[in-house]
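So the protein sequences, as listed, match chains A and R.
The opening position of the first sequence corresponds to residue 14 in the working numbering, with each subsequent residue numbered one higher.
The opening position of the second sequence corresponds to residue 14 in the working numbering, with each subsequent residue numbered one higher.
Where a beta carbon is used, it is the ideal one built from N, C-alpha and C, also for glycine.
There are 2 protein chains.
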Amino acid sequence: MATRTRRTERREKPLSRERIVEAAIELLDTAGEGGLTFRALAERLATGPGAIYWHVAGKDELLTAATDVIVAEAMAAAPSGATPRETIRGLALAVFDAVDGHPWIGGDLSRAPARSPMLRVFERIGRQLQALGVPHAAQFTALSALQSYILGTGGLNAANARAQHQRDPGTDRSDFINAAADDWASLDPDEYPFTRGIAEQLRAHDDRVEFVAGIDIILDGITARWAPPVGG
Amino acid sequence: MATRTRRTERREKPLSRERIVEAAIELLDTAGEGGLTFRALAERLATGPGAIYWHVAGKDELLTAATDVIVAEAMAAAPSGATPRETIRGLALAVFDAVDGHPWIGGDLSRAPARSPMLRVFERIGRQLQALGVPHAAQFTALSALQSYILGTGGLNAANARAQHQRDPGTDRSDFINAAADDWASLDPDEYPFTRGIAEQLRAHDDRVEFVAGIDIILDGITARWAPPVGG
DNA sequence: GACGGGGCTGGAACGCCGTTCCAATGTCCA
DNA sequence: TGGACATTGGAACGGCGTTCCAGCCCCGTC
Chain A
14 MATRTRRTER
24 REKPLSRERI
34 VEAAIELLDT
44 AGEGGLTFRA
54 LAERLATGPG
64 AIYWHVAGKD
74 ELLTAATDVI
84 VAEAMAAAPS
94 GATPRETIRG
104 LALAVFDAVD
114 GHPWIGGDLS
124 RAPARSPMLR
134 VFERIGRQLQ
144 ALGVPHAAQF
154 TALSALQSYI
164 LGTGGLNAAN
174 ARAQHQRDPG
184 TDRSDFINAA
194 ADDWASLDPD
204 EYPFTRGIAE
214 QLRAHDDRVE
224 FVAGIDIILD
234 GITARWAPPV
244 GG
Chain R
14 MATRTRRTER
24 REKPLSRERI
34 VEAAIELLDT
44 AGEGGLTFRA
54 LAERLATGPG
64 AIYWHVAGKD
74 ELLTAATDVI
84 VAEAMAAAPS
94 GATPRETIRG
104 LALAVFDAVD
114 GHPWIGGDLS
124 RAPARSPMLR
134 VFERIGRQLQ
144 ALGVPHAAQF
154 TALSALQSYI
164 LGTGGLNAAN
174 ARAQHQRDPG
184 TDRSDFINAA
194 ADDWASLDPD
204 EYPFTRGIAE
214 QLRAHDDRVE
224 FVAGIDIILD
234 GITARWAPPV
244 GG
């Protein structure tokens, strides 16, 4: 009772790390963060879980590799602006749009930002800070602020996408925002006067516009402190 | 072979949601994010997994409840400063310190920030923005920027704590930072000139100081745009 | 004092996960 | 022609979150 059947005739397309990562991205995009499973991945690749492990160390590495592909694509597409500020905006928006299109990367961006290719993003942003005239001693601080903000927005967007999908998979984003705005509007006036007051702004806001407004706020703060007013 | 033994004589301390959440926090603080398990929790509470489910809906709710306790404690301890800016600093630092002491909350802060008690944090920050003179139409944007930054730093700190613990559980934080700085310093000079240049600043920096510097940068940007220069 | 129902308990079991193991296979070179 | 070896994929392991449910204790009722 022990012989195992074997029916492969040398797959026409052999497994490879590249093909595995590609399939993982498809799975993540269609089924969400929880959809990436070695079994599901094996089925999609018409193989078994064991075969995947010959090409990939484990799930963490697979997720990191998938995130890297998305971020690398986003960076390749990021336009170079006319001014340092516009270039920074473009880089930040490229990350924002990548998270928007693939919410599952949101949580992982922070995982190892000192590693490629997020490192490449911040290298490019850093150079623009230099071009903006931020002195060397302040560059780390300035970049850290931008980094936290960009990764924070990414994490929030990912969390929102998850919450929206979990709450009611059918609804679209504006329904979700409206429900949240309704929540805020019906808070206790004594305890949450401020939050109640901005409920309508939550309802009407555009995530992308708010994101770039935040970038501009931070760049304003940076240039006001460290860069000549002409530089921005 | 079917009778089950029953040896309880009505526990002296009955289970309760409060006791469960408390035990969960202890587990998370001592064993890390991965240490929270219904089995481990049951053992610590001298019961079985099933009993816990009578008081708590599931793991997500448990984690949220645990996070809420930590954040609520932090808020209760946050000092009220002399100026709006100082009060905002104090609130932000309270969140920062809470993440520092309990890294496992970092990732969950973003999960449902439109819910209590993170909502309470941002309500309080929002009121200070009002006191700062930020006009109503800009309050949502200003608060969003601060929110993304604060949650982003939290997520980054949590990720760093995780990475540090994973890489070498024995090392302390400065060893970890030094290793990262060494990494940066040994990058390709052509590809990463900027990152190489700030490696020594990474080595010497203080997370908490950098965090509050970022808060100040954002507040500068906000006040420069919207608030009278006297207000800050 | 008997008793019955419901709040509460906790151990067993289910299905799924990441991961490991390894017999079987295809390929290639001596 | 026959090994060595890279590669495959199914089975199995341990652990997870969760569900199920038999049993216990307490309390109200008669």
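Contacting positions in the stretch 168-183 of chain R - beta carbon closer than 7 Å to chain A: Gly168, Leu169, Ala172 and Ala176
Pick from Pro202/R, Gln141/R, Gly167/R and Leu49/R that is closest to Ala155/R, judged by C-alpha positions: Gln141/R
Between the CA atoms of Ile38/R and Gly146/R - distance to the nearest angstrom: 39 Å
Proximal residues, the stretch 217-238 of chain R versus chain A, C-beta separation under 7 Å: His218, Glu223, Ala226, Gly227, Ile230, Ile231, Asp233, Gly234, Ile235, Ala237 and Arg238
CA-to-CA distance, Arg186/A to Ser123/A, given in whole angstroms: 24 Å
Enclosing alpha helix (DSSP H) for Thr60/A [first to last residue]: Counting along the chain, Thr60/A falls outside any alpha helix (DSSP H), and DSSP gives it neither H nor E.
Near-chain A residues of the stretch 93-109 of chain R (beta-carbon distance less than 7 Å), N- to C-terminal order: none
Contacting positions in the stretch 204-217 of chain R - beta carbon closer than 8 Å to chain A: Glu204, Tyr205, Pro206, Phe207, Thr208, Gly210, Ile211, Gln214 and Leu215
Straight-line gap, Gln160/A to His149/A (C-alpha atoms, nearest Å): 17 Å
Under the three-state DSSP convention, the category Pro241/R falls into: coil
Reference Glu223/A; option with closest CA among Thr166/A, Gly234/A and Ala44/A: Thr166/A
Range of the contiguous alpha helix (DSSP H) that encloses Ala246/A: Limits of chain A in this structure are 14 at one end and 245 at the other, which puts residue 246/A out of reach.
Contact belief for Val112/A with Gly119/A at Cβ below 8 Å, rounded distance in angstroms: 5 Å
CB contact flag (Leu40/A, Leu49/A, <8 Å): yes
Asp181/R to Ala174/R span [Cα, whole Å]: 11 Å
8 Å Cβ cutoff, Phe153/A in contact with chain R: yes
Which of helix, strand or coil DSSP assigns to Tyr66/A: helix
Contact check, Arg221/A vs Ile190/A, beta carbons under 8 Å: no
For Val162/A, three-class secondary structure by DSSP: The identity of residue 162/A in the sequence shown is Tyr, whereas the question assumes Val. Reduced to three states, the DSSP call for Tyr162/A is helix.
Residue range of the unbroken alpha helix (DSSP H) whose run includes Trp117/R: First-last for Trp117/R: undefined, no H or E at that position.
Own chain residues within Cβ distance below 8 Å of Asp121/A, not counting five before or after: Leu76, Thr77 and Thr80
Residue from Phe135/R, Asp229/R and Ala194/R whose Cα sits closest to the Cα of Arg209/A: Phe135/R
Runs of alpha helix (DSSP H) wholly within the stretch 173-232 of chain R (minimum 4 residues, chain order): 186-198, 206-210 and 212-217
CB contact below 8 Å: Ala124/R versus chain A: According to the sequence provided, residue 124/R is Arg. The question's Ala does not apply to it. At least one chain A Cβ lies under 8 Å of Arg124/R.
Residues near Pro241/R by beta carbon distance below 6 Å, same chain, minus five either side: Gly146
Range of the contiguous alpha helix (DSSP H) that encloses Gly139/A: Met131 to Ala144
Residues near Glu213/R in its chain [Cβ-Cβ closer than 8 Å; skip 5 each side]: Ala194 and Ala198
Under 9 Å from the C-beta of His149/R: neighbouring residues of chain A: Gly210, Ile211 and Gln214
Neighbour flag for Ser187/A against chain R, beta carbons, 8 Å: no
Residue of Leu164/A, Gly139/A and Asp219/A minimising C-alpha distance to Pro246/R: With chain R running from 14 to 245 in the structure shown, residue 246/R is simply not present.
Option nearest Ala171/R by Cα separation, candidates Pro202/A, Val84/A, Ala125/A and Ala158/A: Ala125/A
Under the three-state DSSP convention, the category Lys26/R falls into: coil
Contact check, Ile101/A vs Ile230/R, beta carbons under 8 Å: no
Chain R within 8 Å of Glu74/A, Cβ atoms only: no
Euclidean distance between Cα positions of Leu54/A and Pro92/R: 51 Å
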